[in-house]
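Number of protein chains: 2
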Amino acid sequence: MTNTELDVIAIGNAIVDVVAQADDDFLIKHDLSKGTMTLIDAAMAEKLYDNMGPALEVSGGSAGNSAAGIASLGGKCAFIGKVRNDQLGDIFRHDIQAIGVNFDTPAATDGDPTARCLIFVTPDAQRTMQTYLGACTDLTPADIDPAVIQSGKVTYMEGYLFDPPEAKKAFFTAADYAHQADRLVSLSLSDPFCVDRYRDEFRDLVKGHIDILFANEEEIKSLYQVDHFDDALQHVRKDCKIAALTRGPSGAVIVSGEEVHVVGAAPVEKVVDTTGAGDLFAAGFLYGYTHGYSLADSARIGAASAAEAISHFGARPETPLKTILETFPQA
Amino acid sequence: MTNTELDVIAIGNAIVDVVAQADDDFLIKHDLSKGTMTLIDAAMAEKLYDNMGPALEVSGGSAGNSAAGIASLGGKCAFIGKVRNDQLGDIFRHDIQAIGVNFDTPAATDGDPTARCLIFVTPDAQRTMQTYLGACTDLTPADIDPAVIQSGKVTYMEGYLFDPPEAKKAFFTAADYAHQADRLVSLSLSDPFCVDRYRDEFRDLVKGHIDILFANEEEIKSLYQVDHFDDALQHVRKDCKIAALTRGPSGAVIVSGEEVHVVGAAPVEKVVDTTGAGDLFAAGFLYGYTHGYSLADSARIGAASAAEAISHFGARPETPLKTILETFPQA
Chain A
483 MTNTELDVIA
493 IGNAIVDVVA
503 QADDDFLIKH
513 DLSKGTMTLI
523 DAAMAEKLYD
533 NMGPALEVSG
543 GSAGNSAAGI
553 ASLGGKCAFI
563 GKVRNDQLGD
573 IFRHDIQAIG
583 VNFDTPAATD
593 GDPTARCLIF
603 VTPDAQRTMQ
613 TYLGACTDLT
623 PADIDPAVIQ
633 SGKVTYMEGY
643 LFDPPEAKKA
653 FFTAADYAHQ
663 ADRLVSLSLS
673 DPFCVDRYRD
683 EFRDLVKGHI
693 DILFANEEEI
703 KSLYQVDHFD
713 DALQHVRKDC
723 KIAALTRGPS
733 GAVIVSGEEV
743 HVVGAAPVEK
753 VVDTTGAGDL
763 FAAGFLYGYT
773 HGYSLADSAR
783 IGAASAAEAI
793 SHFGARPETP
803 LKTILETFPQ
813 A
Chain B
483 MTNTELDVIA
493 IGNAIVDVVA
503 QADDDFLIKH
513 DLSKGTMTLI
523 DAAMAEKLYD
533 NMGPALEVSG
543 GSAGNSAAGI
553 ASLGGKCAFI
563 GKVRNDQLGD
573 IFRHDIQAIG
583 VNFDTPAATD
593 GDPTARCLIF
603 VTPDAQRTMQ
613 TYLGACTDLT
623 PADIDPAVIQ
633 SGKVTYMEGY
643 LFDPPEAKKA
653 FFTAADYAHQ
663 ADRLVSLSLS
673 DPFCVDRYRD
683 EFRDLVKGHI
693 DILFANEEEI
703 KSLYQVDHFD
713 DALQHVRKDC
723 KIAALTRGPS
733 GAVIVSGEEV
743 HVVGAAPVEK
753 VVDTTGAGDL
763 FAAGFLYGYT
773 HGYSLADSAR
783 IGAASAAEAI
793 SHFGARPETP
803 LKTILETFPQ
813 A
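Just so you know, the protein sequences line up as chains A and B, in that order. Using our numbering, count along the first sequence one by one with no gaps and you end on 813. Using our numbering, count along the second sequence one by one with no gaps and you end on 813.
The structure is reproduced here in structure tokens:
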């Protein structure tokens, strides 16, 4: 690992989560597909919010959650993403900085308000997400500072960045800067429907351009359009330097060339809300990997980080994740 | 009880809570008095927020929490309070309406932003509150509609209304309208320091003008400037038609003339955050009282409502309180 100031530069949509409980009938009535993320416009956001129960607001965004997790583990991390200069934007900035993440992307001073994600948590602890991207569409390549990218060991980006067209350009800009400086580029596939929307581009990326890929079972199957997890596994082994594939309560599989590790999920007393499970797995894995832990131990730190996130409402850690490291011998 | 459309009209400061964990050292460093509410200005709010950990935002306000609790129990309730037309104001309005409370007070279109209360929850589950009143100072007697007041059996007001001067006038206006129509007037003393600030006025009020008084042990001792709970109890019996005095884990004492009831606290598996305990006790008691339950059963419904509130972060109920009523025979 090269000598750098930061462990991870995370780039993603800067979103405030609006979390409420809902029953299955609510999802059916509003035609929402359980467990997935759907993009909505301002009018739909307003309509759904009007029908949503009492909610709590908490900073979110996939890569933002991962950045928070890395900082909570004690890692050094920066976040790049776009908010508006409004109350929700101030909340997002406060929360990510308060957990110890550098966040210097200037807020948009006009245009759409800060993004929000309406999250409906059903009694089975699944989350169904409806995202209004708002100010996220204002993230452009100009927000990517090569000096920042090159100060980090890994540039980690969420697949959701492909939704706002300018942010997609920023993604490629950042990947170029990172590779020019021999840094690693990491991608999370984010969501099976996100993979559907950008399958060809993601396949091209994964094949040769991504060093560390995160995906859950549905996403990796969608990427290769196969029915069985194992088929996807065999594909991705050939395409990608490291792939970390998560399988919910069945744990994770890490493949890197000839190396394969199968790691169990960490125990959780009660699963309350699965929002952020994948984000925090990525956080733990990237923390471990950038601190010299083995692939298997990195995955175990990821699993333990995810376990904390799903034991309460909201995706970001409520208790410092550093305590997880006590059970792992120093790398 | 007269025939009315609504059970309770709750009037209070319309506040969004900003909740974060903090340790005792944080309170000491920032000179915060544990377990109490302090008023702060915009500059102090900004300074404290800058130093606060990652937070979650959830609608609050003492009487607002009580209104939400009454609605969650199935009661009919309206709330009167002032927000600004900003994102936090929209959140406040959404949440209180979503739980089933009527809330028609127009938002201020200029002036200070929506009020927020920075709540620091220490590991002992105590909450220390720092409130920036913002738009609450714009609540005036003009916001009190006599028809609304007279449509409710009880007008319930928080003592915190005495802090913004115009809101205090609105308090007396509402009390007058209520009594003119033979409705009941209820007051929560809110906080021992709030009692300190307005002791003489509160004493005058309680003596003859308040039908149902809510206070915890510290507040009622502060009101009468006595060292022992029992001394305060003997005072308030003479002053007030009904006094519901809460004592945290020691339960509650209800006094009404010759009638005295001592009711235990409801069991809680783990106390997470005591924010809202008093507000939800008042909610349960007022629901019971306006639905013909005995004073003792009303207090038990209050205790069970408070128990739900303190078992999670945030003051408003996460699970519908209606289920509490299953264990109480219909009044």
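Positions of the beta carbon are idealized from the N, C-alpha and C atoms, including for glycine.
Three-state secondary structure assigned by DSSP to residue 705(B): The residue labelled residue 705(B) in the question sits at position 223 within the second sequence. Three-state DSSP puts residue 705(B) in a helix.
Boundaries of the alpha helix (DSSP H) in which residue 655(B) is found, first to last residue: Taking the second sequence and counting its residues from 1, one reaches residue 655(B) at position 173. From DSSP, the alpha helix (DSSP H) with residue 655(B) extends over 647-662.
Validate contact between the segment 613-620 of chain B and the segment 638-647 of chain B using beta carbons, cut 8 Å, 3 pairs: yes
Beta-carbon spacing of residue 581(A), residue 731(B) below 8 Å: Counting from one through the first sequence, the residue named residue 581(A) turns up at place 99. Counting from one through the second sequence, the residue named residue 731(B) turns up at place 249. Contact: no.
Coarse secondary structure for residue 612(A), derived from DSSP in three states: Residue numbering aside, residue 612(A) sits at position 130 when the first sequence is read from its first letter. Looking at residue 612(A) - three-state DSSP - the assignment turns out to be strand.
Helix, strand or coil at residue 576(A) [DSSP, three-state]: If you number the first sequence from 1, residue 576(A) lands on position 94. Three-state result, residue 576(A): helix.
Proximity below 8 Å, CB of residue 668(B) to CB of residue 692(B): Here residue 668(B) is taken as the residue at index 186 of the second sequence, counted from 1. Here residue 692(B) is taken as the residue at index 210 of the second sequence, counted from 1. Contact: yes.
Proximal residues of chain D, C-beta to C-beta of residue 616(A) below 9 Å: Among the chains of the structure shown, chain D does not appear; the protein chains present are A and B.
Simplified DSSP assignment, three categories, for residue 483(A): As a first step, residue 483(A) is located in the first sequence; it is residue number 1 there, counting from the start. Confidence is the limiting factor: at residue 483(A) the pLDDT is only 45, short of 50, which leaves the residue's position unreliable and the question unanswerable from this model.
Closer than 8 Å at the beta carbon, the chain A residues around residue 792(B): Residue mapping note: residue 792(B) aligns to position 310 of the second sequence, counting from 1. By Cβ distance, chain A contributes nothing, its closest Cβ being about 16 Å from residue 792(B), past 8 Å.
Min CB distance residue 569(B) to chain A below 8 Å: The residue you call residue 569(B) lines up with position 87 of the second sequence. Yes, contact with chain A.
Contacts of residue 787(A) in chain B (Cβ-Cβ under 9 Å): Position 305 of the first sequence, counted from the start, is the residue given in the question as residue 787(A). Here the premise fails: no neighbours, minimum Cβ distance about 15 Å.
Residue 515(A), buried or exposed, once every other Cβ within 10 Å from all chains shown has been counted against 16: Position 33 of the first sequence, counting from 1, holds the residue named residue 515(A). Result: exposed.
Members of the segment 520-537 of chain A that neighbour chain B once the beta carbon cut-off is set at 8 Å: 531, 532, 534, 535, 536 and 537
Completely contained beta strand (DSSP E) runs for the segment 507-587 of chain A, where each covers 3 or more residues: 519-521, 538-541 and 559-562
Same chain, Cβ closer than 6 Å to residue 649(A), neighbours up to 5 away in sequence not counted: In the first sequence, the residue the question calls residue 649(A) occupies position 167. So the list reads 621 and 643, once near-sequence residues are dropped.
From 538(B), 493(B), 486(B) and 534(B), residue whose alpha carbon lies closest to that of residue 657(B): Along the second sequence, one-based indexing puts residue 657(B) at 175. Considering only alpha carbons, the answer is 493(B).
Pick from 533(A), 687(A) and 595(A) that is closest to residue 569(A), judged by C-alpha positions: Sequence index remark: in the first sequence, residue 569(A) carries index 87 (1-based). Here the closest residue by C-alpha is 595(A).
Residue 635(A) burial status per 10 Å Cβ neighbour count (16 or more: buried): Taking the first sequence and counting its residues from 1, one reaches residue 635(A) at position 153. Counting Cβ neighbours within 10 Å, residue 635(A) comes out buried, since at least 16 surround it.
Residues that residue 541(A) contacts on chain B, provided the C-beta gap is smaller than 9 Å: Stepping through the first sequence from its first residue, residue 541(A) is reached at position 59. Ordered by position in chain B, the residues that pass the 9 Å Cβ test against residue 541(A) are 536, 537 and 538.
Sub-8 Å separation of residue 689(B) and residue 617(B) beta-carbons: Indexing the second sequence from 1 puts residue 689(B) at position 207. Indexing the second sequence from 1 puts residue 617(B) at position 135. No, the Cβ-Cβ distance between residue 689(B) and residue 617(B) is not below 8 Å.
Span separating the alpha-carbon of residue 506(A) from that of residue 606(A): Here residue 506(A) refers to the residue found at position 24 when the first sequence is read from its first residue. Here residue 606(A) refers to the residue found at position 124 when the first sequence is read from its first residue. Roughly 9 Å separates the two Cα atoms.
Reduced DSSP secondary structure (H/G/I, E/B, other) of residue 489(B): One-based indexing of the second sequence puts residue 489(B) at position 7. The answer is strand: DSSP assigns residue 489(B) an E or B state.
Buried versus exposed, by CB contacts within 10 Å (16 or more), residue 588(B): Along the second sequence, read from residue 1 onward, the residue named residue 588(B) stands at position 106. It counts as exposed.
Sequence-distant residues of the same chain with beta carbon closer than 6 Å to residue 800(B), five excluded per side: The residue given as residue 800(B) occupies position 318 in the second sequence. These residues qualify, in order along the chain: 794.
Cβ pair residue 538(B), residue 540(A) closer than 8 Å: Here residue 538(B) is taken as the residue at index 56 of the second sequence, counted from 1. Here residue 540(A) is taken as the residue at index 58 of the first sequence, counted from 1. Yes.
Residue 695(B) - containing beta strand (DSSP E), residue span: The residue given as residue 695(B) occupies position 213 in the second sequence. First-last of the beta strand (DSSP E) with residue 695(B): 694-698.
Near-chain B residues of the segment 557-590 of chain A - C-beta to any C-beta below 7 Å: 568, 569, 570, 573, 576, 577, 580 and 581
Whole-angstrom distance between residue 552(A) and residue 706(B), CA atom to CA atom: Here residue 706(B) is taken as the residue at index 224 of the second sequence, counted from 1. Here residue 552(A) is taken as the residue at index 70 of the first sequence, counted from 1. Cα-Cα distance, rounded: 53 Å.
Length-filtered (4 minimum) alpha helix (DSSP H) runs lying within the segment 759-792 of chain B: 759-772 and 777-791
Residue 763(A) and residue 784(A) closer than 8 Å at C-beta: The residue given as residue 763(A) occupies position 281 in the first sequence. The residue given as residue 784(A) occupies position 302 in the first sequence. The answer is yes: Cβ separation under 8 Å.
Neighbour flag for residue 796(B) against chain A, beta carbons, 8 Å: In the second sequence, residue 796(B) corresponds to position 314, counting from 1. So, interface residue.
Paired residues, beta bridge with residue 499(B) - DSSP: Along the second sequence, read from residue 1 onward, the residue named residue 499(B) stands at position 17. Looking at the DSSP assignment, residue 499(B) forms a beta bridge with 540(B) and 599(B).
DSSP state of residue 638(A) mapped onto helix, strand, coil: What you label residue 638(A) is simply residue 156 of the first sequence in a count that begins at 1. Strand.
Where the beta strand (DSSP E) through residue 743(B) begins and ends: On the second sequence, residue 743(B) is found 261 positions in, with the first residue counted as 1. Element bounds for residue 743(B): 741-745.
Cutoff 8 Å; reference residue 778(B); Cβ partners in own chain excluding five residues on either side: Here residue 778(B) corresponds to residue number 296 of the second sequence, with the count starting at 1. The answer, listed in chain order, is 736, 743 and 745.
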